[in-house]
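Student: Dumping the structure here so I can ask a few things about it.
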Amino acid sequence: MTATTAPAPLVPGTVILDETVAPRGPWSAIVAAGDVLTIVDLYGNQAVDTLFYGAADTTIRYSAQATITAQRSLFLTTGSVIRDQEGNPMMTIVADEVGNHDTIGGACSQESNTLRYGHHTRHQHACVENFLAEGAKYGLGKRDLVGNVNFFMNVPVDPDGTLGIVDGLSAPGRRLALRAEIDTLVLVSNCPQINNPCNGFDPTAVQMIVTRPEA
Amino acid sequence: MTATTTAARDHARSQAGQHDGPMPVVPASAWPNPPAGVDADALVWAETVPGGRYTSKVLARGTRLRLTDLDGRGCAHLMLWRADAPWERLNIADTVKVPWQAYLGVDHPLLDDQGRVLATIVADTSGRHDALCGTTTAVGNTARYGDGSVHSDSPAGRELLTLAALKHGLGPRDVAPTVSFFHGVRADEDGTLVPTGNAGPGASVELLLHLPLIVAVANTAHPLDESPTFDTTTIELLAWRAPADLAALAARAAEIGPEYDRAHRNTEDVHAAALPTEGNLA
């Protein structure tokens, strides 16, 4: 597997942050209103579990249910608006090279891994650990965690309701870009899951680039 | 009639004993028509909740809760917290992901965020439920009906569930994603969400509780309700002690599915570990 060379932002602007998120690790940043976050799936099919909070007031937080209800669709792509628990906009997806991102699968946890794969997976690192550890830096705790977005993760729902994480639609170097509508704390777990295809059974690094539109 | 304290007291006391409109019956054993095969003394909750209102109660492990859409236009938005550890709560993502099933029906577990089953759906004559869209918001109901506040005629589910949470020492951040009963939603192959409405008057759904829970129910129109007006009708809640049902469900855990079986084992494990080692084990 090879990474694309020199990952670039998906929209024009001045780069004000450019960071690599290690495989299996957490990441966070506050994206100011108007700035754009580009997420680069460097090696392809790497689930990026993401939560959003109001930077000035973390009682404002992402709601998967308000988001999909407002757009009347399960999947996120260009034009989708990330909404808070009251239905207000937090971020907008302004460009997307994949076309389908998950809203219903949530995060892996040590505890749910025991249900999904057996108790031998109990001590594998998981997304909820990343969310808790990284969120604590901002005073967030367990009660603040809600269902998250999974960028680059593919979760179809069959006509009979059967759903599951299947092989991804992404590829090395694919990107999406989110414009902040309010100052937004973006909390990420670069998913460590190794028991399903959400990371191609091989967690890899992703790139986070924040750009500011040129005046 | 209310000019003096004694007159006001007499006036207030004369109002009791009325049985008109949606209300709780206390004690629940006084409910006039218990479910078939259920002893009136086993009832622990008997209440009717009008459209636009909410209720909550702490229920014990082994309680069976039946929700009924009496007139066919109710919509019960449900939130669950562990009574003995309220930071542990209903987790919608795991509730659909772990059983590999987006649509709620009999034997579907309502899972929490710690790999445990809080309650199992054990009966369902409706088939119109939703774990995808969640509840309504003040902003949404204001756009839709002109108002979404609790004191309005079209209260939003999140406003109501937040009040329920506050009464148990919790708050807005504890009102996580919810499920709703009696108004169905299906997803097309391209992900489009399609409302399928209600199942008509008298449909019911029953939950069996595996752990002591704070149960909060808001009865308010679904966010994808297609009616232009807010016309949510009364729902009925009946709950009774059903330890034999819990034992029967435990015996079927492996048959329901391997994920269910492990969730059930995790739940029994945490329950057993917290039991006293001496004295009354009941």
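Residue numbers (our numbering), protein chains in the order written: chain G, 507 to 721; chain R, 1444 to 1725. Here a beta-carbon is modelled for each residue, glycine too, at the ideal position from N, C-alpha and C. These figures come from a predicted structure and were not determined experimentally.
(1) Do residue 1651/R and residue 1718/R have their beta-carbon atoms positioned less than 8 angstroms apart in this structure?
(2) Am I right that residue 552/G and residue 705/G are in contact with their C-beta atoms under 8 angstroms? What's the rounded C-beta distance?
(3) Alpha helix (DSSP H) containing residue 619/G: first to last residue?
(4) Answer with buried or exposed for residue 608/G, where buried requires no fewer than 16 other C-beta atoms within 10 angstroms of its C-beta.
(5) Looking at the structure shown, is residue 1582/R part of a helix, part of a strand, or coil, going by DSSP?
(6) When DSSP labels each residue in this structure, what does residue 592/G get in the three-state scheme?
(7) Measuring CA to CA, which of 606/G, 629/G, 605/G is closest to residue 700/G?
(8) Starting from residue 640/G, follow the beta strand (DSSP E) in both directions and report where the run begins and ends.
(9) Hey, how far is the Cα of residue 1707/R from the Cα of residue 1479/R?
(10) Any C-beta of chain R sitting closer than 8 angstroms to the C-beta of residue 658/G?
(11) Using three-state DSSP, classify residue 575/G as helix, strand or coil.
(12) Where does the unbroken alpha helix (DSSP H) through residue 1709/R begin, and where does it stop?
(13) In three-state DSSP terms, what is residue 1600/R?
(14) Taking CB distances under 8 angstroms as the criterion, tell me whether residue 1670/R reaches chain G.
(15) So what does DSSP say about residue 1698/R, is it helix, strand or coil?
(16) Quick check on the burial criterion: 16 or more other C-beta atoms within 10 angstroms. Buried or exposed for residue 709/G?
(17) Span of the alpha helix (DSSP H) holding residue 1540/R?
(18) Helix, strand or coil for residue 530/G, going by three-state DSSP, please let me know.
(19) Are residue 1639/R and residue 1571/R touching if we call contact CB-CB under 8 angstroms?
(20) Listing by chain order, which chain G residues have their CB less than 8 angstroms from the CB of residue 1620/R?
(21) Could you list which residues in chain G have their beta carbon closer than 8 angstroms to that of residue 1544/R, in chain order?
(22) Going along the segment 1683 to 1705 of chain R in order, which residues come within less than 7 angstroms of chain G, judged by CB to CB distance?
(23) Using a cut-off of 8 angstroms between C-beta atoms, extract the partners of residue 1580/R located in chain G.
(24) What residues are listed by DSSP as bridge partners for residue 1645/R?
(25) Would you check if the distance between the CB atom of residue 1642/R and the CB atom of residue 1569/R is smaller than 8 angstroms?
(26) Can you list, in chain order, the stretches of the beta strand (DSSP E) that have 3 or more residues and sit fully within the segment 1662 to 1689 of chain R?
(27) Can you pull the chain G residues whose beta carbon is under 9 angstroms from the beta carbon of residue 1726/R, in chain order?
(28) Please list, in chain order, the chain G residues whose beta carbon lies closer than 8 angstroms to that of residue 1616/R.
(29) What does DSSP give as the partner residue(s) for residue 1474/R in the beta ladder?
(30) Going by C-alpha distance, which of 538/G, 605/G, 527/G, 513/G is nearest residue 558/G?
(31) For residue 1578/R, collect the residues of the same chain with a Cβ closer than 6 angstroms to its Cβ; drop the 5 residues on either side in sequence, then sort them by chain order.
(32) Which whole-angstrom value describes the C-beta separation of residue 1667/R and residue 1508/R, a residue pair presumed to lie in contact below a C-beta threshold of 8 angstroms?
(33) Helix, strand or coil for residue 1552/R? Go by DSSP, reduced to three states.
(34) Do you know offhand how far residue 1445/R's Cα is from residue 1493/R's?
(35) DSSP three-state call for residue 698/G: helix, strand or coil?
(36) So residue 581/G contacts chain R; which residues on that side make the cut at Cβ distance below 8 angstroms?
Tutor: A quick look at the data gives this:
(1) Going by C-beta atoms, residue 1718/R is not nearer than 8 angstroms to residue 1651/R.
(2) Sure, about 5 angstroms apart at Cβ, within 8 angstroms.
(3) 616 to 622 is the span of the alpha helix (DSSP H), which, as asked, contains residue 619/G.
(4) Burial call: buried.
(5) Reduced to three states, the DSSP call for residue 1582/R is helix.
(6) Three-state result, residue 592/G: coil.
(7) Among 606/G, 629/G, 605/G, the Cα nearest to that of residue 700/G belongs to 629/G.
(8) Careful: residue 640/G lies outside any beta strand (DSSP E), inside the alpha helix (DSSP H) at 633 to 642.
(9) So the two alpha carbons sit approximately 28 angstroms from each other.
(10) Under the Cβ distance rule, residue 658/G does not count among the residues neighbouring chain R, no pair being separated by less than 8 angstroms.
(11) Residue state for residue 575/G is assigned as helix, using DSSP reduced to three classes.
(12) It spans 1701 to 1716 - the alpha helix (DSSP H) in which residue 1709/R sits, taken as one unbroken run.
(13) Here residue 1600/R carries a helix assignment [DSSP, helix/strand/coil].
(14) At a cut-off of 8 angstroms between beta-carbon atoms, residue 1670/R makes no contact with chain G.
(15) For residue 1698/R, the three-state secondary structure derived from DSSP is helix.
(16) By the 10 Å Cβ count, residue 709/G comes out buried.
(17) Secondary structure note for residue 1540/R: its alpha helix (DSSP H) is the uninterrupted segment 1535 to 1540.
(18) Coil at residue 530/G, not helix or strand.
(19) In this structure, residue 1639/R lies near residue 1571/R, with their beta-carbon atoms less than 8 angstroms apart.
(20) Under a criterion of Cβ atoms nearer than 8 angstroms, the residues of chain G adjacent to residue 1620/R are, in order, 569, 570, 571, 652, 653.
(21) In chain order, 667, 668, 669 make up the part of chain G whose C-beta sits under 8 angstroms from the C-beta of residue 1544/R.
(22) Those residues of the segment 1683 to 1705 of chain R that come within reach of chain G (Cβ to Cβ, closer than 7 angstroms) are 1702, 1705.
(23) Residues of chain G passing the Cβ test: 572, 591, 592, 593.
(24) Answer is none; residue 1645/R lacks a bridge partner.
(25) Contact flag set, yes.
(26) DSSP runs (the beta strand (DSSP E)) wholly in the segment 1662 to 1689 of chain R: 1678 to 1684.
(27) Past the edges of chain R, shown from 1444 to 1725, lies residue 1726/R, and the structure says nothing about it.
(28) Chain G residues near residue 1616/R: 565, 567, 649, 650.
(29) Residue 1474/R is bridged by DSSP to nothing; it lacks a bridge partner.
(30) By alpha-carbon distance to residue 558/G, the top candidate from 538/G, 605/G, 527/G, 513/G is 538/G.
(31) Here residue 1578/R has 1520, 1600, 1601, 1621 as same chain residues with Cβ atoms under 6 angstroms from its own Cβ, once five neighbours each way along the sequence are excluded.
(32) About 25 angstroms separates the two Cβ atoms, so there is no contact after all.
(33) Reduced to three states, the DSSP call for residue 1552/R is strand.
(34) Looking at the two C-alpha atoms, the distance is approximately 30 angstroms.
(35) Three-state result, residue 698/G: coil.
(36) Within chain R, the residues near residue 581/G are 1633, 1634.
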